[in-house]
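In my numbering, the protein residues as written are -5 to 622. Using N, Cα and C, we set each Cβ at its ideal position, and we do this for glycine too.
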């Protein structure tokens, strides 16, 4: 006999009774049984006789089914349960989901679908049906993880803070970490990982994401084995369940890439070596249709299934895009080391291969998916504005880091040096930074704001480009006024982001440091005098560059040492307002190549911090609370 709290039906059937502490359990809910009563066999007097229950089973006239009588068994169970002591709830078992109305949970699901399209693994028709009929049948840990992300966007006074739901999800995941894997648990791990990243705790995010990946791999292996042994189980319900597994796996992949780009973790999965099929279209997933599947190796122009991918295949598009993006970031790291060792030729060939791969991925997309060829308002009308933004943000970020590396690979040896490749690279950088701000502003104007950590990271990078444009406005499309306006929009966006995600505070502080640097550079460019080069290097080195690259810099006095996200002892960093950061500091000369040393310093300013979470909680000892 099982010694856990369970109902009589599950105990006699020798199956795990899954519940949230209140009847009915998931199995009884699925079988439409109203007599589910949870009991603890270890409590005194709790003995449900088996004989009466067997006697109450009557065969139907045809002999093809069972009709289960419930009267006598229910009465016996109710009597014994009434005399049993009820265990008092512990802090770990307190369920903040129990009192939430189903309509509120359904609203949270809709917000999740729109705000987080990169982790779109939920089958909403079945989930909403479950919530409508019996919300307690849905795993509380799953709903808690969902609300940890969505409660911040819901002005419902009845909801607790996001951290309340996150803490409940953490405690339940910690106690269930070594249970048999389940889809709900894997998806809960993905969502809580995204919550931790947005809260500025990258180590926790990385650990939760890794656990979700291993769990979903186990579930996929079991599903594949089952389909091989029972190939006739190709029913809509089975197709939907399998597609949920597939989508959760690829969401883990995309999340792994996101974390790798921001927290200097090496991504664990290789796109081309994966044998898991890519997600099917959203409409086929919704209706459970059978459709030919696209494999990762097929994502090229030679496959007809991969051509003209529309927004309906958005998850496949953005997943492949993240794969290219994170490898571009790794290349930006390794190519600089290679150039330092004299292997610039190899770096150039690698750059060209990545650029060709990026262009091919962009070419596989239908014109309706590409910005600015297609405006954002059209996709807002279809309810896919956020996914449209993500696809294009990944592309724009890839362009930024590719062409930034191109500039760094051809440093100016003299003031008179002029390289057409530099002109092309700078033009791409300025135009792409404007596109990032434009697509997010268009969605904001349509009351569909994209307020997520990755979008904030994209704006953080674009802001550095636009700040550089204020120093060299002669090359910036629209001149100084446009550069100042773009910079102001970036800063205002990050200020809004800080109200939703703690990680935005780190980027905001870093941009304050960057703004001081660029304002100093503008002053120097105007007067030809000012700060000497060693001091430029000191300021430019306030943040380490991406990928653990260290540039030799002069020694500094202890009082001038400063890092992003904080300051040295005795040196305070006041948080400036957007108005202060965007106040005009005088006209710029507009020359793009007059001060080669100054410009080289500015390009050395890192667009991406190797540990953007500096000063945050990264200790592994707090990743799993409640296990002691």
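For this session: Taking residue 487 as the reference, give the member of 399, 421 and 498 with the closest Cα.
Result: Minimum Cα distance to residue 487 is reached at 498.
For this session: Could you check what DSSP says for residue 1 in three-state terms: helix, strand or coil?
Result: strand
Exercise. Just how far apart, CA to CA, sit residue 57 and residue 218?
Worked result: Caution is warranted here: a pLDDT of 36 is assigned to residue 57, below 50, making its placement in the model unreliable, and the coordinate value is therefore given only provisionally. Answer to the nearest angstrom: the Cα atoms are 35 Å apart.
Exercise. For residue 439, which of 342, 369 and 344 has the nearest alpha-carbon?
Worked result: 369
Problem set entry | First through last residue of the alpha helix (DSSP H) which encompasses residue 460 | Start and end: 447 to 465.
Exercise. Using the beta-carbon count (16 or more within 10 Å), is residue 460 buried or exposed?
Worked result: buried
Exercise. Is the Cβ-Cβ distance between residue 508 and residue 484 less than 8 Å?
Worked result: no
Problem set entry | DSSP state of residue 90 mapped onto helix, strand, coil | coil
Problem set entry | Cβ pair count under 8 Å reaching 3, the segment 272 to 286 against the segment 350 to 361 | no
Problem set entry | Exposure label - residue 298; buried when at least 16 CB within 10 Å | Of the other Cβ atoms in all chains shown, fewer than 16 fall within 10 Å of the Cβ of residue 298; this residue is therefore exposed.
For this session: Counting only the same chain and skipping the five closest in sequence on each side, list residues whose C-beta sits under 7 Å from that of residue 625.
Result: Residue 625 lies beyond the stretch modelled for the chain, which goes from -5 to 622, so this question has no answer here.
For this session: Please determine if the segment 418 to 426 and the segment 373 to 380 are in contact, where contact requires at least 3 C-beta pairs separated by less than 8 Å.
Result: no
Exercise. Measuring CA to CA, which of 199, 389, 193 and 117 is closest to residue 231?
Worked result: 117
Exercise. Residue 303 bridges to which residues according to DSSP?
Worked result: 359
Problem set entry | Cutoff 6 Å; reference residue 257; Cβ partners in own chain excluding five residues on either side | Legend: pLDDT at residue 257 = 46, less than 50; position of this residue unreliable, value from coordinates given subsequently. The answer, listed in chain order, is 196.
Problem set entry | Nearest-angstrom Cα separation, counted from residue 494 out to residue 447 | If you take the alpha carbons of residue 447 and residue 494, they lie about 9 Å apart.
Problem set entry | Cβ shell of residue 34 (< 6 Å), same chain only, five flanking positions each side left out | So the qualifying residues of the chain are -1.
Exercise. Run through DSSP, which three-state label would residue 285 get?
Worked result: Of the three classes helix, strand and coil, the one that applies to residue 285 here is coil, per DSSP.
For this session: Taking the CB atoms as reference points, tell me whether residue 345 and residue 381 lie closer together than 8 Å.
Result: no
Exercise. Is residue 478 buried or exposed, if buried means 16 or more other CB atoms sit within 10 Å of its CB?
Worked result: buried
For this session: May I ask which residues mark the beginning and end of the alpha helix (DSSP H) holding residue 385?
Result: For residue 385, the enclosing alpha helix (DSSP H) covers residues 379 to 402.
Exercise. If we ignore side chains and look at the alpha-carbon of each, how far apart do residue 491 and residue 148 end up?
Worked result: 15 Å
Exercise. Excluding sequence positions up to five away, which residues of its chain have a Cβ less than 6 Å from the Cβ of residue 124?
Worked result: Short of 6 Å from the beta carbon of residue 124, and not among the five residues preceding or following it, lie these beta carbons of its own chain, in chain order: 131 and 132.
Exercise. Does the beta-carbon distance from residue 115 to residue 238 come in below 8 Å?
Worked result: yes
Problem set entry | Simplified DSSP state of residue 442, which is helix, strand or coil | coil
For this session: With a 10 Å radius around its C-beta and 16 neighbouring C-beta atoms as the bar for buried, classify residue 95 as buried or exposed.
Result: Counting Cβ neighbours within 10 Å, residue 95 comes out exposed, since fewer than 16 surround it.
Problem set entry | Start and end residues, alpha helix (DSSP H) containing residue 191 | 177 to 192
For this session: Just confirm the distance between the C-beta atoms of residue 251 and residue 172, as a whole number of angstroms; I'd bet it's less than 8 Å.
Result: Between residue 172 and residue 251 the Cβ distance is about 28 Å, and since that is not below 8 Å, they are no contact.
For this session: Report the residue from 151, 138 and 300 whose alpha carbon sits nearest the alpha carbon of residue 164.
Result: 138
Problem set entry | residue 216 burial status per 10 Å Cβ neighbour count (16 or more: buried) | Exposed.
Problem set entry | Straight-line Cα distance separating residue 220 from residue 120 | 22 Å
For this session: Given a cut-off of 8 Å, decide if residue 306 and residue 275 are closer than it, judged by their beta-carbon atoms.
Result: yes
For this session: Provide the residue span of the alpha helix (DSSP H) that contains residue 133, from first to last.
Result: Unbroken run through residue 133: none, as it is neither H nor E.
For this session: With a cut-off of 8 Å on the beta carbons, I'd call residue 176 and residue 159 a contact; round off their distance for me.
Result: Rounded, the Cβ-Cβ distance is 19 Å, inconsistent with contact.
Exercise. Alpha carbon to alpha carbon, how far is residue 445 from residue 184?
Worked result: Residue 445 and residue 184: Cα-Cα distance of roughly 18 Å.
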